[in-house]
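J.:
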Ligand SMILES: Nc1ncnc2c1ncn2[C@@H]1O[C@H](COP(=O)(O)OP(=O)(O)OP(=O)(O)O)[C@@H](O)[C@H]1O
Ligand SMILES: [Mg+2]
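Residue numbers (the working numbering): 231 to 603.
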């Protein structure tokens, strides 16, 4: 219990807007938690509360048995005494300080003179392959170098917990992969705990020991990437991790009926509701040119082509099946020849497997788990 990092009943408002809403969270020592959620849901505000840069109205933040914030006991430990490192989206290096001084800054405010004398600043710069840049100013560095220095600065004091607020989003795709791998490697070797905010689902799946999906100031689901992937607890989570296709179904004599009047058997028990929403990964929607080609056991829906974009080995295709749009990936080798010339409005057929769908009661606002087999 004492080794955990714990947040209980945290509340933070700006004026009458509740931003962090009775938030609870628990992390093990050294755990890498990825925080995902749409813009404005309160991710940055949550990190700023943890770091001590914002003062919540109420709640508890306990760091391995030591309360750093506790409204009831009027505890509010200042930021530099919380043993927390921070890496932000915009590198936020001090422009008038050299790289050396930037990295030394958190050591100085913590009065870690010894560590500076023993070469901690140089060591932190080496960790991110920037040992040769110590005497430069931020303006003399590339974006990737600046972000690496920001990582070195966040880790230099060897904090137990490091907060990353979209640290890779300003980098181009190749650099993002590189710096992401470096952060992953540093986490493995140094063992710090991390809360890492990202908008990028693949980044979240790749880095997280656990994912926390946030909605309007609360945690909607906190679980391992595999379990979130296999069983997103709510429709909101399913959509947020990339299950972008949504099929609304209503009970019928035959089982379930789509809005365009096609019947299907969901082949599983469904809670006692009149309507459900099926969420489906783009990868689980197959494209055919006519209904006769659809394998038995799959649900065929007539559709029309809206757009297709070449993506190398696949085409990203959007179709409309009645009132609902579906995104799918069509294999270029199978479909490239005709998709290249296909026009908008061309009739197609999409095929779905009920087993790959996540089913949620229609209109349910609260978590309901009705996982696929
Ligand atoms: N200092 C402030 N004063 C008033 N409102 C604020 C302040 N800081 C943030 N907000 C509001 O709080 C809400 C949450 O902001 P926050 O920055 O935490 O969102 P976020 O989840 O980090 O979003 P993004 O993904 O866009 O970075 C937003 O509606 C924002 O406008
Ligand atoms: Mg933010």
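For every residue, glycine included, the Cβ atom is placed at its ideal position computed from N, Cα and C.
This one's a predicted model, so the numbers in the text were calculated from it and none came from an experiment.
For residue 289, is the beta carbon positioned less than 6 Å from some heavy atom of ligand 1?
T.: Not so, every heavy atom of ligand 1 lies at least 6 Å from the Cβ.
J.: Is residue 274 near ligand 2, judged by its Cβ being under 6 Å from some heavy atom?
T.: Because some heavy atom of ligand 2 lies under 6 Å away, the Cβ of residue 274 counts as near it: yes.
J.: Could you pull the DSSP bridge partners for residue 247 from this structure?
T.: BP columns for residue 247 point to 244.
J.: With DSSP run on the structure shown, which of helix, strand or coil describes residue 412?
T.: The answer is helix: DSSP assigns residue 412 an H, G or I state.
J.: Enumerate in chain order the residues of its own chain whose CB-to-CB distance from residue 328 is below 8 Å, with the five nearest sequence positions on each side excluded.
T.: Within the same chain, residue 328 has close Cβ partners 364, 365, 366 and 367.
J.: Which of the three DSSP states is assigned to residue 602 in this structure?
T.: Residue placement at residue 602 is flagged as unreliable, the pLDDT there being 38, under the threshold of 50; the coordinate-derived value follows with that caveat. Of the three classes helix, strand and coil, the one that applies to residue 602 here is coil, per DSSP.
J.: Taking the continuous alpha helix (DSSP H) assigned at residue 332, which residues delimit it?
T.: Element bounds for residue 332: 329-339.
J.: From the DSSP output, in three-state form, read off residue 233 for me.
T.: Residue state, collapsed to three classes: coil.
J.: Residue 271: beta carbon under 6 Å from a heavy atom of ligand 1?
T.: Yes, since a heavy atom of ligand 1 falls inside the 6 Å radius drawn around the Cβ of residue 271.
J.: With a floor of 3 residues, list each beta strand (DSSP E) that falls wholly inside the stretch 485-513, ordered by position along the chain.
T.: The qualifying runs are 485-488 and 505-510.
J.: If you scan the stretch 543-588 from start to end, which runs of the alpha helix (DSSP H) of 4 or more residues do you find wholly inside it?
T.: For the stretch 543-588, whole alpha helix (DSSP H) runs of length 4 or above, ordered along the chain, are 562-569.
J.: Is residue 466 close to ligand 1? I mean its beta-carbon at under 6 Å from any heavy atom of the ligand.
T.: Incorrect: residue 466 has no Cβ contact closer than 6 Å to ligand 1.
J.: Would DSSP call residue 254 helix, strand or coil?
T.: In this structure, residue 254 counts as strand in the three-state DSSP scheme.
J.: Between which two residues does the alpha helix (DSSP H) carrying residue 357 extend?
T.: Element bounds for residue 357: 350-357.
J.: Under 8 Å: do the stretch 395-404 and the stretch 245-261 share three or more Cβ pairs, one atom per stretch?
T.: Output reads no: the stretch 245-261 does not touch the stretch 395-404.
J.: Check this for me: beta carbons of residue 552 and residue 490, under 7 Å apart or not?
T.: Yes, the pair counts as a contact, with Cβ atoms nearer than the cut-off.
J.: Taking one C-beta from the stretch 440-457 and one from the stretch 405-423 each time, how about it: are there three or more such pairs within less than 8 Å?
T.: With the cut-off at 8 Å, the stretch 440-457 and the stretch 405-423 do not touch.
J.: Quick one: what does DSSP say residue 210 is sitting in, helix, strand or coil?
T.: The structure shown does not extend to residue 210, since the chain spans only 231 to 603, so no value can be given for it.
J.: So what's residue 367 in DSSP terms, helix, strand or just coil?
T.: Reduced to three states, the DSSP call for residue 367 is coil.
J.: With DSSP collapsed to three states, give me the class of residue 323.
T.: Residue state, collapsed to three classes: coil.
J.: Between residue 396 and residue 427, is the Cβ-Cβ spacing less than 7 Å?
T.: Cβ distance < 7 Å, so residue 396 and residue 427 count as in contact.
J.: What does the alpha-carbon distance come out to for the pair residue 473 and residue 285?
T.: Distance between the alpha carbons of residue 473 and residue 285: 36 Å.
J.: Between residue 485 and residue 495, how many whole angstroms is the CB-CB distance? I'm expecting something under 8 Å.
T.: Confirmed, about 5 Å.
J.: At the level of alpha carbons, what is the spacing between residue 292 and residue 273?
T.: For residue 292 and residue 273, the distance between alpha carbons rounds to 19 Å.
J.: What number of angstroms, rounded off, separates the C-alpha of residue 578 from the C-alpha of residue 520?
T.: So the two alpha carbons sit approximately 6 Å from each other.
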